[in-house]
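Report on the structure given below.
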Amino acid sequence: CQSKDIRNNAANLRSLENCTVVEGHLKILLMFHTTAVDFRGVSFPRLTVVTDYLLLFRVYGLESLSQLFPNLAVIRGNNLFFNYALVVFEMLQLKEIGLHGLMNITRGAVRLEKNPDLCYLSTLDWSQILDSVEDNYIVSNKNEGECGDVCPGMAKGKNTCPQTTINGQFGARCWTQRHCQRMCPSVCKARACTADGQCCHSECLGGCVKPDSEAKCVACRHFLHGGVCVETCPTGFLSFKGWRCVSPAYCHALHTQCTRNTQNQDCTSYVIHQGACVPECPSGYTTVNSTTLMCTPCAGTCPKVCVGEKTVDSVTAAQELRGCTLLNGSLIINIRGGNNIAAELEANLGQLEEITGYLMVRRSYALVSLSFLKKLRLIRGETQERGNFSFFALDNQNLCQLWDWSKHHLVILQGRMFFHHNPKLCLSEIRRMEEVTGTRDRLPRNDIGLKTNGEQAS
25 CQSKDIRNNA
35 ANLRSLENCT
45 VVEGHLKILL
55 MFHTTAVDFR
65 GVSFPRLTVV
75 TDYLLLFRVY
85 GLESLSQLFP
95 NLAVIRGNNL
105 FFNYALVVFE
115 MLQLKEIGLH
125 GLMNITRGAV
135 RLEKNPDLCY
145 LSTLDWSQIL
155 DSVEDNYIVS
165 NKNEGECGDV
175 CPGMAKGKNT
185 CPQTTINGQF
195 GARCWTQRHC
205 QRMCPSVCKA
215 RACTADGQCC
225 HSECLGGCVK
235 PDSEAKCVAC
245 RHFLHGGVCV
255 ETCPTGFLSF
265 KGWRCVSPAY
275 CHALHTQCTR
285 NTQNQDCTSY
295 VIHQGACVPE
305 CPSGYTTVNS
315 TTLMCTPCAG
325 TCPKVCVGEK
335 TVDSVTAAQE
345 LRGCTLLNGS
355 LIINIRGGNN
365 IAAELEANLG
375 QLEEITGYLM
385 VRRSYALVSL
395 SFLKKLRLIR
405 GETQERGNFS
415 FFALDNQNLC
425 QLWDWSKHHL
435 VILQGRMFFH
445 HNPKLCLSEI
455 RRMEEVTGTR
465 DRLPRNDIGL
475 KTNGEQAS
């Protein structure tokens with residue numbers, strides 16, 4: 025199954041039926057009208073692995089995950105939710121986590137916060153599941169003193185669960201009143217184990233149904249290939265999404281499917297890099313040959329084409345243009361404020377060399393200069409702002425410099441320029457831009473407010 029975003033109604037959980045692996049994230053959230061009855065008898069025992077993260081947020085009536093996901097063994101954390109692989113936030117009725125099958129969180133930390141009824145936290149030893157517990161954030165849950173957690177057997181005076189020491193406290197480890205926290209015998213060392221404590225093959229992760237067999241693992245430490253766990257994908261195959269092996273033909277099919285389906289913004293044109301089928305080439309590489317899809321090192325700066333009308337009104341929006349060298353479209357900059365904004369803009373827009381449409385800078389009170397567009401050399405003006413404008417600067421209260429014209433060369437092929445209400449931008453700076461860009465003698469003339477530009481310049 026692909027990533028799941030399940031919300032509003034408990035009936036929507038049915039989309040998890042038959043899933044054994046969620047390749048991506050699993051989010052269950054915003055169910056405001058559900059009660060405990062809605063979750064009674066709902067179970068997905070086949071689900072064993074989530075490759076990214078598991079997030080629960082404001083699901084009313086859900087009291088435990090023990091029945092919902094009894095066999096979830098591994099959360100890989102390939103992609104994280106703000107550094108976390110397991111997030112449980114503002115689950116108002118949740119009494120216990122209850123993921124008694126969970127043996128391994130491969131990457132990322134745990135965040136359990138603002139769950140006012142949540143107990144069975146001090147009885148868990150996260151160090152058995154995670155490599156490092158330092159980044160876990162477990163706060164504002166039910167006070168441990170009010171919980172009265174009882175591990176299996178303790179009510180009868182005989183503890184049946186494994187015991188470990190956490191922060192100097194030696195105690196039994198369990199998920200719920202009925203489920204101990206499973207731990208493998210010390211003889212297994214870093215290996216997983218069967219339910220009855222026999223050591224698994226070293227390539228298994230999270231457990232196995234038969235000891236010492238790489239074909240009977242619950243999940244794979246490295247990669248799954250043809251039902252068997254392997255350390256590396258065999259020759260002629262590619263690793264995919266950090267956990268399985270696929271053929272080059274599979275990767276090609278994904279790429280082709282995406283290039284045909286240009287309407288789908290979430291589509292990813294997969295490419296091949298160092299034996300892996302990946303969403304895009306890493307920095308410094310590009311695909312030259314569309315038939316092999318292989319990433320090759322760039323000679324100099326890598327070309328990267330970005331498409332569409334892009335509005336940069338935040339650092340997040342700027343990050344979407346990181347590395348773009350050609351914008352096949354127009355760029356609108358509307359930055360009201362922000363910390364260290366010039367450096368952020370340069371880091372994300374500093375490689376842009378060419379815009380096929382127009383460049384508009386409006387109400388960008390945080391900007392004093394446009395020098396963050398340090399490589400911009402060409403504005404084609406193939407599409408223009410109303411009035412045939414290819415460069416448009418309006419109401420930028422602190423803009424006092426465009427570029428350092430002694431070092432920067434910019435050509436505007438078509439269209440004219442618009443400057444109004446830029447009180448700190450001297451007319452001499454605008455006139456210099458007219459000369460450099462080749463727009464000075466263009467008809468109709470540039471629209472430059474003689475009284476609304478530079479009147480506050482010092």
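Going by our numbering, the sequence shown opens with residue 25, and the numbers climb by one from there. Here a beta-carbon is modelled for each residue, glycine too, at the ideal position from N, C-alpha and C. Since the structure is predicted, the reported quantities are computational estimates derived from the model, not experimental observations.
Counting along the chain, the unbroken beta strand (DSSP E) around residue 29 starts and ends at 26 to 31. When the beta-carbon positions are compared, residue 120 and residue 88 come within less than 7 Å of each other.
Contact between residue 333 and residue 356 holds, since their C-beta atoms are separated by about 7 Å, short of 8 Å. Of the residues 328, 301, 248 and 239, the one whose Cα lies closest to the Cα of residue 312 is 328. Taking a cut-off of 8 Å on C-beta distances, the region 187 to 197 does not touch the region 96 to 115, as fewer than three cross pairs fall below it. Nearest to residue 432 by C-alpha distance, out of 70, 397 and 330, is 397.
Straight through space, the alpha carbons of residue 468 and residue 36 are spaced by roughly 59 Å. In this structure, the alpha-carbon of residue 301 lies about 14 Å from that of residue 309.
Nearest in C-alpha terms to residue 393, of all of 95, 158, 428 and 462, is 428.
In the structure shown, the three-state DSSP call for residue 398 is coil. No Cβ-Cβ contact shorter than 7 Å links residue 55 with residue 77. Check the Cα spacing between residue 244 and each of 219, 215 and 272: the tightest is with 215. The count of Cβ pairs closer than 8 Å, one atom from the region 190 to 199 and one from the region 131 to 141, stays below three, leaving the stretches out of contact. Residue burial annotation: residue 124 is buried, with at least 16 other C-beta atoms found within 10 angstroms of its C-beta. Residue 295 places its beta carbon 7 Å or farther from that of residue 278. A Cβ-Cβ contact shorter than 7 Å links residue 342 with residue 372.
Pairing residue 158 with residue 128, the inter-Cα distance amounts to about 16 Å.
Counting only runs of at least 3 residues, the region 111 to 156 fully encloses the following beta strand (DSSP E) elements, listed from N- to C-terminal order: 133 to 137. Just so you know, the alpha carbons of residue 449 and residue 106 end up roughly 40 Å apart.
Burial of residue 72 is indicated by the presence of at least 16 other C-beta atoms within 10 angstroms of its C-beta.
In the DSSP assignment, no residue is bridged to residue 425.
Within the DSSP secondary-structure output, residue 344 pairs in no beta bridge. According to DSSP, residue pairing for residue 409 in a beta bridge involves 413.
Each residue's CA atom was taken as its position, placing residue 399 and residue 391 some 17 Å apart. Assigned with DSSP and collapsed to three states, residue 48 falls in strand. Within the same chain, Cβ atoms closer than 8 Å to the Cβ of residue 282 are found at 288, 291, 292, 293 and 294, the five residues on either side in sequence being excluded.
Relative to the Cα of residue 100, the nearest Cα in the group 267, 234 and 33 belongs to 267.
Taking every protein chain shown into account, the CB of residue 225 has 16 or more other CB atoms within 10 angstroms, so this residue is buried. Per DSSP, the unbroken alpha helix (DSSP H) holding residue 455 starts and ends at 451 to 461. Residue environment: residue 144 is assigned as buried (16 or more neighbouring CB atoms within 10 Å of its CB, all protein chains considered). In the DSSP assignment, residue 60 falls outside any beta strand (DSSP E) and lies within the alpha helix (DSSP H) extending over 60 to 63. The Cβ-Cβ distance between residue 457 and residue 426 falls below 7 Å. Annotation: the continuous beta strand (DSSP E) that includes residue 352 extends over 350 to 352.
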